[in-house]
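As structure tokens, the structure follows; a few thoughts come after it.
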Amino acid sequence: MQTMMDTLSSYGWDLLDKTGEHLYISIAAIVLGVLVAVPLGILLTRIPSKAADRFISFVGILQTVPSLAILAFLMPFLGVGVVPAIIALFIYSVLPILRNTYTGVMEVNTSLKEAGKGMGMSTFEIIRKVELPLALPVIMSGIRFATVYLIGWATLAAFIGGGGLGDLIFDGLNLYKPELIVLGTVPATILALIANGLLSLLEKGLTPKALIK
Numbered sequence: 001m002q003t004m005m006d007t008l009s010s011y012g013w014d015l016l017d018k019t020g021e022h023l024y025i026s027i028a029a030i031v032l033g034v035l036v037a038v039p040l041g042i043l044l045t046r047i048p049s050k051a052a053d054r055f056i057s058f059v060g061i062l063q064t065v066p067s068l069a070i071l072a073f074l075m076p077f078l079g080v081g082v083v084p085a086i087i088a089l090f091i092y093s094v095l096p097i098l099r100n101t102y103t104g105v106m107e108v109n110t111s112l113k114e115a116g117k118g119m120g121m122s123t124f125e126i127i128r129k130v131e132l133p134l135a136l137p138v139i140m141s142g143i144r145f146a147t148v149y150l151i152g153w154a155t156l157a158a159f160i161g162g163g164g165l166g167d168l169i170f171d172g173l174n175l176y177k178p179e180l181i182v183l184g185t186v187p188a189t190i191l192a193l194i195a196n197g198l199l200s201l202l203e204k205g206l207t208p209k210a211l212i213k
């Protein structure tokens, strides 16, 4: 216990700095994921379902590639640092958001879409006023899953100099200091739990009251 307290005292400011870096790369990746995967998921609902399923399956294959392999692949093109770390995290964020967006929009009752058309709504208006509000709980579930996953995965960003709490974990492994590993692991776990709780509340708040039982 004393060793852990001494480590916390010595690395306190470094811990805050690494936590900030960890949040930055995680948030940047999830924002990119949302900006790409949500519109793409909506677009997939406008093409034949077989083609959409094949595309989602292809994206799913990317998820099976080991994370360190993705980082190693990006290094020759993007070097090391924050950028390749964010791009690698972004790749892993796409599938859950894309799949949930597609599923959420496809599950919207067809009669509601037809009612929108009957009211003279354009396709964009139907998406914005009918499909997205009703699909939002499912989309948020995908975003929540991706966020929690990325916060944990972001510890590997240290492998290519991306910073974050992974730096403390790697230092602990290299210096044979278990307390440093704990100092990096515990905050990352806490961040993931906090993100899950906050996004769960947001998911509930964005759910249309008519869908809340």
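Numbering of the sequence shown is given in full-length UniProt numbering, commencing with residue 1 and proceeding in unit increments. Backbone N, C-alpha and C define an ideal beta-carbon position, used for all residues, glycine too. Just so we're clear, the structure is a prediction, and the values are computed from it rather than from any experiment.
> According to DSSP, is Gly118 helix, strand or coil?
Replying inline: helix
> Does the Cβ of Tyr176 have 16 or more other Cβ atoms within 10 Å, making it buried, or fewer, making it exposed?
Replying inline: exposed
> For the segment 24-31 against the segment 136-154, are there 3 or more C-beta pairs whose distance is under 8 Å?
Replying inline: yes
> Thr147: which of Gly166, Lys18, Ala37 and Ser93 sits nearest, CA to CA?
Replying inline: Ser93
> According to DSSP, is Leu165 helix, strand or coil?
Replying inline: coil
> Does the Cβ of Ile61 have 16 or more other Cβ atoms within 10 Å, making it buried, or fewer, making it exposed?
Replying inline: exposed
>> According to DSSP, is Tyr131 part of a helix, a strand, or is it coil?
In response: The sequence as given places Glu at residue 131; Tyr does not occur at that position. Note: Glu131 maps to helix in three-state DSSP.
>> In whole angstroms, give me the CA-to-CA distance for Gly164 and Ala115.
In response: 49 Å
>> Quick check on this structure: which residue in Ala69, Ser122, Leu15 and Leu98 has the alpha carbon closest to the alpha carbon of Asp53?
In response: Leu98
>> According to DSSP, simplified to helix, strand and coil, what is Tyr176?
In response: coil
>> Closest to Leu40 by C-alpha separation, out of Phe55, Pro187 and Ala29, would be which residue?
In response: Phe55
> If you check the beta carbons only, do Leu150 and Ile70 fall under 7 Å apart?
Replying inline: no
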